[in-house]
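S.K.: Okay, here's the structure, questions in a sec.
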Amino acid sequence: MENCIFCKIISGKIPSKVVYEDEEVFAFHDINPIAPVHILIIPRKHISTINDIGPEHRDLMGRLALVSKELARQHNIDERGYRLVINCGEEGGQEVQHLHAHLLGGRPLGGVASN
Ligand code: 5GP
Ligand code: ZN
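Reminder that position 14 of the sequence shown reads as 41 in the numbering used here, one-by-one numbering, no gaps.
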């Protein structure tokens, strides 16, 4: 997708601090972290929102979860706990229209889905 920031990050046109990549999944540090660990885990393939996934993405979404928990372990937040968030659409607070999971941790995160 030409005008997608995250597609440009995957292709290297926009620099990022990459923490993981394989043939399907890409992960990098959020530019504006709201917690000591704030990593974005995204599919290489452009999918706009979680509304756009179907049964054909079952394996991809499983990989996203597996990569996320592995990154939590590597960043030493697996035992303490962390949050994995996927925002969807306007009221869900999604600003970038390329499906992504936020891995947040390293501080107490408060009540249900709060910052
Ligand atoms: P959303 O609000 O869509 O769930 O989250 C988008 C996230 O992408 C935000 O946390 C924002 O800080 C991050 N972000 C936006 N533009 C860039 C960028 O160019 N580089 C990086 N590393 N993160 C970005
Ligand atoms: Zn994209």
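By construction, the Cβ of each residue, glycine as well, lies at the ideal position given by its N, Cα and C atoms.
Nearest to L126 by alpha carbon, out of C115, G120, D105?
M.R.: Ranking C115, G120, D105 by Cα distance to L126 puts C115 first.
S.K.: Classify R110 as helix, strand or coil using the three-state DSSP reduction.
M.R.: Strand.
S.K.: Given A92, which residues of its chain have a CB within under 7 angstroms of its CB, disregarding the five upstream and five downstream residues?
M.R.: Excluding residues within five positions, none has a Cβ falling inside 7 angstroms.
S.K.: Since Q124 and C31 are thought to touch, with beta carbons under 8 angstroms apart, how far apart are those beta carbons, to the nearest angstrom?
M.R.: Right, their Cβ atoms sit about 7 angstroms apart.
S.K.: Please determine whether the Cβ atom of C115 lies at a distance below 8 angstroms from any heavy atom of the ligand ZN.
M.R.: Outside the cutoff, so no.
S.K.: Taking only the alpha-carbon atoms, compute the straight-line gap between A54 and H65 and give it to the nearest angstrom.
M.R.: So the alpha carbons of these two residues sit roughly 10 angstroms apart.
S.K.: Among all residues, which have a Cβ less than 5 angstroms from at least one non-hydrogen atom of the ligand ZN, and in what chain order do they fall?
M.R.: In chain order, the hits are M28, C31, F33, C34, H73, H125.
S.K.: Quick check: is any heavy atom of the ligand 5GP less than 8 angstroms from the C-beta of D105?
M.R.: False, no ligand heavy atom lies under 8 angstroms from that Cβ.
S.K.: Which value, in whole angstroms, describes the spacing of the CA atoms of G108 and V94?
M.R.: About 16 angstroms.
S.K.: Using three-state DSSP, classify V94 as helix, strand or coil.
M.R.: DSSP places V94 in helix when its eight states are reduced to three.
S.K.: Taking the alpha helix (DSSP H) that I66 belongs to, which residues open and close that run?
M.R.: Here I66 belongs to no alpha helix (DSSP H); instead the beta strand (DSSP E) covers 64-70.
S.K.: Please confirm whether any heavy atom of the ligand NAD lies closer than 8 angstroms to the CB of D79.
M.R.: Absence of the ligand NAD is noted for the structure shown, with the ligand 5GP and the ligand ZN being the only ligands found.
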